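What the sequence shown shows, in my numbering, is residues 1 to 341, in sequence order. Below is one structure; the comments refer to it alone.
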Amino acid sequence: IISCYTKKKKRKHIFLKQKELNNMKKIYVIHTGGTIGMEKTQDETIELQNEHPLFKQNHLNAHIIHHQLFHLPSPHMTPKKMLKLRNHIAEKAADFDGFVITHGTDTLEETAYFLKLTLPIKKPVILTGAMRPINEVGSDALYNFNSALLVALSDRPNLSDIFVVMDGEIHDPSYVTKVHTTRIGAFQSPNSGPIALLTKQGISLLHQPLLERKYFISNVDQEVILLKAYTGMCPNVLTSLLDLKINGLVLEAFGQGNIPSTIAIELEKFLQRNIPILLVSRCPQGIVEANYNYIGGGKYLQKQGVLFSNGLNGPKARLKLSILLSNHIPYQQLQSHFISS
Ligand code: ASP
C-alpha cells in the first residue's frame, strides 16, 4: 500500500499496480532521530516517538521506503554511527534513485560533511531536520521533509551528491552550519551562502558546491581534539592533552589564525611528537592565513609546522583531520588536503 493523494486531493491509501510502481522513482529515507522524529508532549517537553511521525507522509509521486537506522537525539551521534550510516547508504546505492536522511539539527552538519568526504555516490543524498516537532505550531518538519524529497527526486546532475536542505535552501555540507538555537531559518553557509533555493517553480541554482576529494574509510579510531582559543588561555590545558595520547589537534584561533604566545610555545611539544595541529578561525566567515609574525601569529605558527584549514569550521576540520589520519596520510601531505582551488 502506498499512501498518496487522489485527483480530488483527498488523502487515501490505494493499491498501486506493479507497473505504476516501476515507473516511479525510488527514494530511500533513513531516519536517525532528532526533533524531526519527535513530538511535543502534554508537559511541554519534546520527545522521540516510537513510530516516526513521518512514516505515513508521502505527498509526492514517488515510491518511498522508510527505514529507521537510529533513534537518537543528534548530540548522541558519533563518527562510528556516521560510518554505519555511510555504509548503509553505500549498500543500498544501486537500488534507489536518491536518499533522504532525517537527522537532529544539532549535529546534522557534521554527519553531512562526513558523508560528503567518505561516500562516493552519483545520486542525491539529502539531509534534513526540523527546528520544531511536527505537532508544534509553525513546525518545519513536513516542509523540510518534502523539500528534501523534491531535491532527491530532481534530475539535476549538480545535485547528485551530499547536500543539506533546510528552510527552502540547499546547502553545501562543507560550509553549512547551525547559526541559531531556535529559529526555523537556523542554517546558513556564512562563507558562501546556499548553493540553491527551492522556489515554487523548482530549484534555482546560485553557485557550484565546493569539490571535495572522497576518502576511503573503514574505521574511525583517531582521537582528534578541538580547542577554542581565548584570552588568557592556560597552557596546562594543552599539556594535559599530551597524556591522552591524542592523534591530532584542531585549534580555533583568533581572527586570521593567531593564538596567545603561551599556547604557541606549548605547541612545540606536540609538533616534536609529530602530532598534527590544524588551525581554523573562531570567526564564522573568512579563512585563516599566515600573515602575522609575532609569537602566536599565523606566520610564526606556519614556520613551527602548524597546518591551515580552508574555511571549514572547527567540528568539520576535526572530522576531516581524523579521516585523513585514519587513511594514514603522512604529515607532510596533510596541508595539501586543506587547499581548495
Ligand atoms: N536536540 C535536537 C537534536 O539535534 C535538535 C533538533 O533536532 O533540532 O537531536
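Virtual Cβ for every residue (Gly too), placed ideally from N, Cα, C. As the structure is a prediction and not an experimental result, all values here were calculated from the model.
Contact under 7 Å by Cβ, residue i with residue j
i, j, result
"Ile246", "Glu223", "yes"
"Ala229", "Phe254", "yes"
"Leu321", "Leu278", "yes"
"Phe338", "Ser309", "yes"
"Ile46", "Pro133", "yes"
"Ile217", "Ser261", "no"
"Pro284", "Pro190", "yes"
"Ala196", "Ile170", "yes"
"Ile121", "Ala93", "yes"
"Ser281", "Ile203", "no"
"Ile287", "Gly305", "no"
"Leu242", "Ile225", "no"
CB-CB length for residue i against residue j, believed under 8 Å
i, j, result
"Leu119", "Arg86", "5 Å"
"Asn219", "Ser326", "6 Å"
"Lys123", "Phe99", "7 Å"
"Asp161", "Leu210", "Not quite, the Cβ-Cβ distance comes to about 11 Å (not below 8 Å), so this is no contact."
Spatial neighbours of residue i in its chain, beta-carbon cut-off 6 Å, leaving aside the 5 residues before and after
i, result
"Met24", "Ala62, His63"
"Ile14", "With a pLDDT of 43 at Ile14, under the threshold of 50, the predicted position of this residue should be treated as unreliable, though the coordinate-derived value follows. Nothing listed; no residue qualifies."
"Asp106", "Ser74, Pro75"
"Lys26", "His63, Phe96, Asp97"
"Leu227", "Leu251"
"His67", "Ile30"
"His180", "Ala186"
"Phe55", "His66"
"Lys316", "Tyr113"
"Gly297", "Asn258"
Chain-order list of residues whose beta-carbon lies under 7 Å from that of residue i (same chain, five-residue window excluded)
i, result
"His103", "Thr32, Gly34, Ser74, Thr111, Leu127, Gly129"
"Leu117", "Glu212, Lys214, Tyr215, Lys320, Ile323"
"Asn274", "Tyr331"
"Lys9", "At Lys9, the pLDDT of 41 sits below 50, so the modelled position is not reliable; the number obtained from the coordinates is stated separately. The answer is none, since no qualifying residue turns up."
"Leu334", "Pro276, Leu307, Leu324"
"Asn158", "Leu205, Gln208"
"Lys235", "For the sequence presented, residue 235 should be read as Pro rather than Lys. Taken in chain order, the residues that qualify are Thr262, Ile263, Glu266."
Under the three-state DSSP convention, the category residue i falls into
i, result
"Ala196", "strand"
"Glu169", "strand"
"His103", "coil"
"Lys320", "helix"
"Met233", "coil"
"Ile36", "helix"
"Ile126", "strand"
"His13", "For His13, the predicted model reports a pLDDT of 43, less than 50, meaning its position is unreliable and no value from the coordinates is stated."
"Leu238", "helix"
"Val375", "With the chain represented from 1 up to 341, any question about residue 375 goes unanswered, as that position is not in the structure."
"Leu226", "strand"
"Glu252", "strand"
"Val280", "strand"
"Ile329", "coil"
"His71", "strand"
"Val137", "coil"
"Tyr5", "In this predicted model, Tyr5 has a pLDDT of only 34, less than 50, meaning its place in the structure is not dependable; the value taken from the coordinates is given anyway. Tyr5: strand per DSSP, three-state reduction."
Contact set for residue i: own chain, Cβ-Cβ below 8 Å, skip 5 residues either direction
i, result
"Thr182", "Met131"
"Asn293", "Lys299, Tyr300"
"Glu39", "Ile46, Glu47, Gln49, Pro53, Pro133, Ile134, Asn135"
"Leu69", "Ile30, His31, Thr32, Lys84, Leu85, His88"
Check your understanding: Touching or not, the segment 141 to 150 and the segment 163 to 172, by the rule of three or more beta carbon pairs under 8 Å?
Key -> yes
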